[in-house]
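Visitor:
Number of protein chains: 4
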Amino acid sequence: MKPLNIGVIGYGFMGRAHSNAFRKVGNFFPLDRKLVLKAACGRDAAKTKAFADTWGYESTTSDWKELIARDDIDLIDIAAPNNVHAEIAIAAAKGGKMILCEKPLAMNPAEAVKMVAAVEKAKVANMVWYNYRRIPAVTLAKELIDAGRLGKIFHYRAKFLQDWTINADVPQGGAGTWRLDASVAGSGVTGDLLAHCIDTALWLNGGIDSVTAMTETFVKERKHALSGKKQKVLIDDASAFLARFSNGSLATFEATRYARGHKALYTFEINGEHGSLCWDLHDLHRLQFFDHRDAGNVRGWRSIHVSDGDQPYMKHWWVPGLQIGYEHSFVHQVADFVAGLSNGQPAAPTFRDGLATDYVTDAVLKSAKSRRWQNVKSARSK
Amino acid sequence: MKPLNIGVIGYGFMGRAHSNAFRKVGNFFPLDRKLVLKAACGRDAAKTKAFADTWGYESTTSDWKELIARDDIDLIDIAAPNNVHAEIAIAAAKGGKMILCEKPLAMNPAEAVKMVAAVEKAKVANMVWYNYRRIPAVTLAKELIDAGRLGKIFHYRAKFLQDWTINADVPQGGAGTWRLDASVAGSGVTGDLLAHCIDTALWLNGGIDSVTAMTETFVKERKHALSGKKQKVLIDDASAFLARFSNGSLATFEATRYARGHKALYTFEINGEHGSLCWDLHDLHRLQFFDHRDAGNVRGWRSIHVSDGDQPYMKHWWVPGLQIGYEHSFVHQVADFVAGLSNGQPAAPTFRDGLATDYVTDAVLKSAKSRRWQNVKSARSK
Amino acid sequence: MKPLNIGVIGYGFMGRAHSNAFRKVGNFFPLDRKLVLKAACGRDAAKTKAFADTWGYESTTSDWKELIARDDIDLIDIAAPNNVHAEIAIAAAKGGKMILCEKPLAMNPAEAVKMVAAVEKAKVANMVWYNYRRIPAVTLAKELIDAGRLGKIFHYRAKFLQDWTINADVPQGGAGTWRLDASVAGSGVTGDLLAHCIDTALWLNGGIDSVTAMTETFVKERKHALSGKKQKVLIDDASAFLARFSNGSLATFEATRYARGHKALYTFEINGEHGSLCWDLHDLHRLQFFDHRDAGNVRGWRSIHVSDGDQPYMKHWWVPGLQIGYEHSFVHQVADFVAGLSNGQPAAPTFRDGLATDYVTDAVLKSAKSRRWQNVKSARSK
Amino acid sequence: MKPLNIGVIGYGFMGRAHSNAFRKVGNFFPLDRKLVLKAACGRDAAKTKAFADTWGYESTTSDWKELIARDDIDLIDIAAPNNVHAEIAIAAAKGGKMILCEKPLAMNPAEAVKMVAAVEKAKVANMVWYNYRRIPAVTLAKELIDAGRLGKIFHYRAKFLQDWTINADVPQGGAGTWRLDASVAGSGVTGDLLAHCIDTALWLNGGIDSVTAMTETFVKERKHALSGKKQKVLIDDASAFLARFSNGSLATFEATRYARGHKALYTFEINGEHGSLCWDLHDLHRLQFFDHRDAGNVRGWRSIHVSDGDQPYMKHWWVPGLQIGYEHSFVHQVADFVAGLSNGQPAAPTFRDGLATDYVTDAVLKSAKSRRWQNVKSARSK
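Residue numbers (our numbering), protein chains in the order written: chain A, 844 to 1225; chain B, 844 to 1225; chain C, 844 to 1225; chain D, 844 to 1225.
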């Protein structure tokens, strides 16, 4: 079996999630490439070494350019903070590497456009880690929608609620908290959390035409984790918007890190003429489905425990009734990516799909400033 | 419209529940009799008077025999403690009165047999207040079972969990706590709570052949509410049994007043070849239904919000989505009782049905003592 | 006990809900006035008569002015469609009658302002039937918020989802469907459903400063129920808005009659520094409460079954664990209204509170047209 | 780091689950031994080879005695059917190998006693794969009970419901269906499913004194998967029992493969003086906790999303809110087993703990036959 040599950049939360997927996918999915953990790259040499030891990477470096220059690396996995995605990805594309890039694709659409151009010019396989598409319950939702089970769509609503930054002592910047530092993250919950909601929504319900938004920063100043100095907080702590989809449906979206009681409650609901679907990340193995075509007296929301072999991805795991978890969505994404290399159907979301999400988050942030409805650019028309 | 003159005996919890039903049923259900609250009877004259004033009873007495003797009373409603059911009911039957009797029917099957004989001899309309049959979700369960939606039945399980007597300071005897006094209540949770579970089970799943049971009294002594003296507790605090139904299905039943966190959690589940049903009193307006004949990838337990006009009893209430509560089951029972007076189909459960339940609770109590399987007598064969 | 003579105008859904409350409240709540169902008024004489017979009204009329002119009527209950609220209420106030008025208070703020002026000038007791405040779980939410259990508030979100008008054959106008006729209803879901959400929100979370909204009419034409002619639909089928409260919190609101699977799913959630609350009308007897001050390893959303005597209103009903339903909120409202007549604390929401809600719905409708953020007028400053 | 060389026997469902745990544990837990997948053993050479390739076992064999004879194997993992546990385990103990054995420990207590004797004589580390103890929510339950959060225990109830053998065409014997063949499995749901319930119960609530049980075989004959011949079914399809624990609490237990709608619904509930706990395998990442010491008006069942770093095992995985799944319980068991090798506290359940469960299942099967209460032997007294 031909090897697929991987070089990962970043050893944080996402570095672990991706590495686990790379190591594990072959145990459960039939692949025609053998994934090899070739090299790990990170700023801190000691941490990079420890990470490589834990996961079995063969070598380490602190220079990502070196990684790209190596002939024995086929794929660059970008698990580093948002502010370095563009430079690395563009260089990797020029170097002819396949690229997996963490979400959001870029700091802004301008960067993202260049990244898309680079990978499309280089014709390298590319994908963004919007992993939630491949939670089996979410994939099942997609199948039901595509099969017409909902009919004409009237409503979409999504939210992503967390509560980990309510404490004003949480710093900005640094290892675990760079997502609060606008210079590294680009934006706050809009790019971090709403981006997930938007990616799923565009996949399930098509394009968004226009939005009106509001954002808020509840804690105005935070210490920087590295400098220790109080600095103005420039990210959005909370972000909400109304939207109109191209298919005529209306939507509400909301994300925040100030919703007490919710750790990572990403939830979406979609209402159509014939039925509705609802999903939530805190019980990710379930899909709620209402089928109006059931007989009137026994209609009800079905709580589908997505753990059977005839449901997406599940035949590769255990037996009916035994649930999988968060990390498995990454395994599925790798399995589909590898399959896409040879079957002529590149796995989505590609960088171009990631750009589409960036256009929406950009419109959201602009609307929050302008206090006007903002049209959303299309990523489809070049 | 011909009046139906009612005399109630008892002004406690059940006296209120019945009175509310009598007063209210005509506002929501078309009846061909006009219910008249003619007289209230109770031991304490002042309390009886206050009760009559609150509910609009025309007169009061503290002598139930006087009530039975009155020509202008058509129906005797027995809302008094268990130890007086038999005497009153037999006298009322002899007096030619219709009788509604609180559950359990009697202190023991011997009493119950006499009560059945009395009403059947007198040919008076009779019914036991097993009100849960007429929670719309429970009635819907019955309809689905009768329509064959579950197929062959394999399992039945029911429990009734409360937690109000954990505190050893709760007395026995007296107004609110006579259910802990064996001389008044007959038994503890077996007659009080399991009786409800059994009545529903017999209705939904047919007869029970045999049982093996255990009971326990966790608090061995309690003060008597009236005498203030510590007395041995003679009721069962908890009771559980295994059962075999005549249709070949297996069952588990349990009731207790020591299940912390449950106020009145009566729940049943029934599993058949093609589907299953589950209901619980804490969310009484919902029925859970699993239909195995749904397509495999979208099978799931449906949470049916029983509040639509095409669901049992609900067209008489509000609009879809607006739930009714506990008290409405009594209203439905009165509506059906009155309808049964003229349509030739006497409403169940009759006294004979109540006897069937008493035979099961009797077998349960006997098995708990004998530590043997106990056969259950049939109430059908005269 | 001094009588409180009631004349009701309207025999539809709300006429029944109010009448049930008037009849029933004295059975459960100690009142110092005896409610008397004196007269019922409606356009159709036969229907009015049948309604009066069912509920026990002593007399009927089809002329509401006659009702107001009667000396033996103390209170006018307006259960008629929105387009007649103002005229009747202003006349009733001039006639010195107490007034209970269905929600929304008026067709628009201009009317509502006049109604407020009329009752305040006449110094008559007045209240709007926003009944959901008095669902015990909602009242408990209010108590917890007022006790500071949530701390500083960051987020509020509410929605009211129905699905009964998806079928394009549902007519507009007429008895059951006047809510689709803009000339009678004023607006669609904004005045009908969002008004409920807004009333609760203003009560729980204080004033709203500004909103940005969108509305949609999915079915563009419907037959008129009376004329049979197809007419343009002028109401909003769906309405959503973002809001900023005066206390700095952010909110999303949404209502629709096109959310398949939801009959009357009014739900709200409020997130504060120390805790969060969540409630939903489909399980109205439960309140979800997350208390961040619970120990870290056992924190979780508590599902509070609001059926105990130490929870709002519940000591007047049954025993712990036995739930009440939708209709009981009206009973509570009447109990509080009557208590307010003598205790010097008039029950809310008053007409002035109703005006505050009308100002918000007006801003929502204006914003949906202007596509701009709209400031909300205050009902407090005269 | 010193290697821990593993030889696995069996390549089925459990062979996969164990292998996944062995491969993965070092990526997430700090260990002082390096787990090496040394050899895989199975009857079918080709399947064994494929299994070894998938999971990275260095070598294969079809002779388990050869495996035990190898000096470079430290640990024998028995993932083969029940009827070979005893012979292999006893030989492995004699060979001085550590042993991990699938549950139930043996075909009957007689076998289990010998196995316990063998490992205790050989002083080899030993453990039974009752993995559910190490679902984080279950471990948290144990911690809360041990900390006295429930107080005196009154009730325990557990059930394990499946529905995969309702179809009479499911064969007995063979690869996926040996659990229906009594000669291989020993018993049906009693040893397969109830054993899990019992292991957890003994751990959480102490010893069981006596039981009364019933079992049933709904489908009387099934084809054998290998011979194709119809044979009498000798296993129990369903099994239920009442129990009394040494601590005075009462229990109900039930398992079946005929509960339509439940794939693998293992659920337990425990009720104590101060609180209650409830867990279910279909939502394994949640623990329900009722704390009676919460203030009366805000008491409710807390749904604890066990995904935080301060909850058992979770700091090794992702971030709060992101759930793990079924397979992780095996990883935890391996982590604890390896830690137990050096910290002087051997991880439980040991073979002796496994014997305790076998004594209960044996009493259950005997009671079902004798129709009498049966005392349970203690595994503690040698």
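Here a beta-carbon is modelled for each residue, glycine too, at the ideal position from N, C-alpha and C.
Measure the C-alpha to C-alpha separation of residue 1141 of chain A and residue 1158 of chain B and round it to an integer number of angstroms.
Guide: Whole-angstrom Cα-Cα distance: 16 Å.
Visitor: Could you tell me the boundaries of the alpha helix (DSSP H) in which residue 1202 of chain B lies?
Guide: Its alpha helix (DSSP H) spans residues 1194-1213.
Visitor: Please report the straight-line C-alpha distance between residue 1154 of chain C and residue 977 of chain C, rounded to a whole angstrom.
Guide: Approximately 12 Å, taken between the alpha carbons.
Visitor: Measure how close the beta-carbons of residue 1042 of chain B and residue 1192 of chain B come, nearest whole angstrom, since I'm counting them as under 8 Å.
Guide: Yes, they are in contact, since the Cβ atoms of residue 1042 of chain B and residue 1192 of chain B sit about 6 Å apart, within 8 Å.
Visitor: Any Cβ of chain D within less than 8 Å of the Cβ of residue 823 of chain C?
Guide: Here chain C has residues from 844 to 1225 only, and residue 823 of chain C is not among them.
Visitor: Would you call the CB atoms of residue 928 of chain B and residue 1114 of chain B closer than 8 Å?
Guide: No, the Cβ-Cβ distance between residue 928 of chain B and residue 1114 of chain B is not below 8 Å.
Visitor: Looking at the structure shown, is residue 1177 of chain D part of a helix, part of a strand, or coil, going by DSSP?
Guide: Residue 1177 of chain D falls in the helix class under three-state DSSP.
Visitor: May I have the straight-line CA-CA distance separating residue 1054 of chain A from residue 1179 of chain A, to the nearest angstrom?
Guide: Distance between the alpha carbons of residue 1054 of chain A and residue 1179 of chain A: 32 Å.
Visitor: Please check if any C-beta of chain D sits within less than 8 Å of the C-beta of residue 1141 of chain C.
Guide: Judged by the 8 Å Cβ criterion, residue 1141 of chain C is in contact with chain D.
Visitor: Leaving out five residues before and five after residue 1203 of chain D in sequence, what residues of the same chain have Cβ atoms less than 6 Å from its Cβ?
Guide: Around residue 1203 of chain D: 1041, 1051, 1219.
Visitor: If you draw a straight line from the alpha carbon of residue 893 of chain A to that of residue 918 of chain D, how long is it in whole angstroms?
Guide: Going from the Cα of residue 893 of chain A to the Cα of residue 918 of chain D covers about 27 Å.
Visitor: Just tell me which of B/850, B/959, B/1008, B/910 has its CA closest to the CA of residue 1163 of chain C.
Guide: Checked all of B/850, B/959, B/1008, B/910; the closest Cα to residue 1163 of chain C is B/1008.
Visitor: Can you check whether the CB of residue 1095 of chain D is closer than 8 Å to the CB of residue 1032 of chain D?
Guide: Not in contact: residue 1032 of chain D and residue 1095 of chain D (Cβ atoms no closer than 8 Å).
Visitor: Just to confirm the assignment: which complete alpha helix (DSSP H) runs, minimum length 4, are found wholly within the stretch 1045-1082 of chain B?
Guide: Within the stretch 1045-1082 of chain B, no complete alpha helix (DSSP H) run reaches 4 residues.
Visitor: Give the C-beta separation of residue 1083 of chain B and residue 1093 of chain D to the nearest angstrom, bearing in mind that I take them to be a contact with Cβ-Cβ under 8 Å.
Guide: Indeed they touch by this definition, with Cβ atoms about 6 Å apart.
Visitor: Who pairs with residue 1118 of chain B in a beta bridge, going by DSSP?
Guide: For residue 1118 of chain B, which the question treats as bridged, DSSP gives the partners B/1134.
Visitor: Which residues mark the beginning and the end of the beta strand (DSSP E) in which residue 850 of chain D is found?
Guide: Taken as a continuous stretch (DSSP letters only), the beta strand (DSSP E) holding residue 850 of chain D covers 845-852.
Visitor: DSSP has residue 1109 of chain A in a bridge; who is on the other side?
Guide: Paired residues: A/1003.
Visitor: Within its chain, find whatever has a CB closer than 6 Å to the CB of residue 954 of chain C; leave out the 5 residues flanking it on each side and keep chain order.
Guide: Excluding sequence neighbours, residue 954 of chain C sits near 929.
Visitor: What did DSSP end up calling residue 881 of chain B once you bin it into helix, strand or coil?
Guide: Residue state, collapsed to three classes: strand.
Visitor: Using a C-beta cutoff of 8 Å, does residue 1102 of chain D count as contacting chain B?
Guide: Chain B contact via Cβ: present.
Visitor: Label residue 802 of chain A either buried or exposed according to how many other C-beta atoms from any shown protein chain fall within 10 Å of its C-beta, with 16 as the threshold for buried.
Guide: No answer is possible for residue 802 of chain A: it lies beyond the span of chain A, which begins at 844 and ends at 1225.
Visitor: Assess, as a yes-or-no matter, whether the stretch 1061-1073 of chain D is touched by the stretch 1109-1125 of chain D under the definition of 3 or more beta carbon pairs within less than 8 Å.
Guide: Contact fails: fewer than three Cβ-Cβ distances are below 8 Å.
Visitor: Look at the Cβ atom of residue 1006 of chain B, then the Cβ atom of residue 1103 of chain B, and state whether they are nearer than 8 Å.
Guide: In this structure, residue 1103 of chain B lies closer than 8 Å to residue 1006 of chain B by Cβ.
Visitor: Got a sec? Which residues, its chain only, sit under 8 Å from residue 864 of chain A by beta carbon, not counting five neighbours each side?
Guide: Same-chain partners within the cutoff: 1170, 1173, 1174, 1176, 1177.
Visitor: Does the distance from the CB of residue 877 of chain C to the CB of residue 869 of chain C come in under 8 Å?
Guide: Yes; because the gap between Cβ atoms is below 8 Å, this pair is in contact.
Visitor: At what residues does the alpha helix (DSSP H) containing residue 1026 of chain C begin and finish?
Guide: Residue 1026 of chain C -> alpha helix (DSSP H) spans 1025-1028.
Visitor: Tell me which same chain residues have a C-beta within less than 6 Å of the C-beta of residue 1183 of chain A, skipping the five on either side of it?
Guide: Same-chain partners within the cutoff: 1189, 1190.
Visitor: Alpha carbon to alpha carbon, how far is residue 1064 of chain C from residue 1110 of chain A?
Guide: Near 34 Å, if we compare the C-alpha coordinates of residue 1110 of chain A and residue 1064 of chain C.
Visitor: Just mark residue 974 of chain A as buried or exposed, buried being the case when its beta carbon has 16 or more other beta carbons within 10 Å.
Guide: Looking at its Cβ environment, which holds 16 or more other Cβ atoms inside 10 Å, residue 974 of chain A is buried.
Visitor: Under 8 Å, CB to CB, which of the residues in the stretch 1064-1084 of chain A have a partner in chain D?
Guide: From the stretch 1064-1084 of chain A, no residue has a Cβ closer than 8 Å to chain D.
Visitor: Assuming residue 961 of chain D and residue 933 of chain D make a contact with CB atoms under 8 Å, what is their CB distance in whole Å?
Guide: Right, the Cβ-Cβ distance comes to about 4 Å (below 8 Å), so this counts as a contact.
Visitor: Hey, does residue 1057 of chain C have any beta-carbon neighbour from chain A nearer than 8 Å?
Guide: True, the Cβ-Cβ gap to chain A drops below 8 Å.
Visitor: Under a CB-based cut-off of 8 Å, is residue 1216 of chain A close to chain B?
Guide: No, residue 1216 of chain A lies away from the interface with chain B (no Cβ there is under 8 Å from its Cβ).
Visitor: Which residues of the stretch 1108-1130 of chain A have a Cβ closer than 9 Å to any Cβ of chain B? Give them in chain order.
Guide: From the stretch 1108-1130 of chain A, only 1129, 1130 have a Cβ closer than 9 Å to chain B.
Visitor: Using CA atoms only, rank isn't needed, just tell me which of D/1194, D/1197, D/1131 is closest to residue 979 of chain D.
Guide: The shortest Cα separation from residue 979 of chain D among D/1194, D/1197, D/1131 belongs to D/1131.
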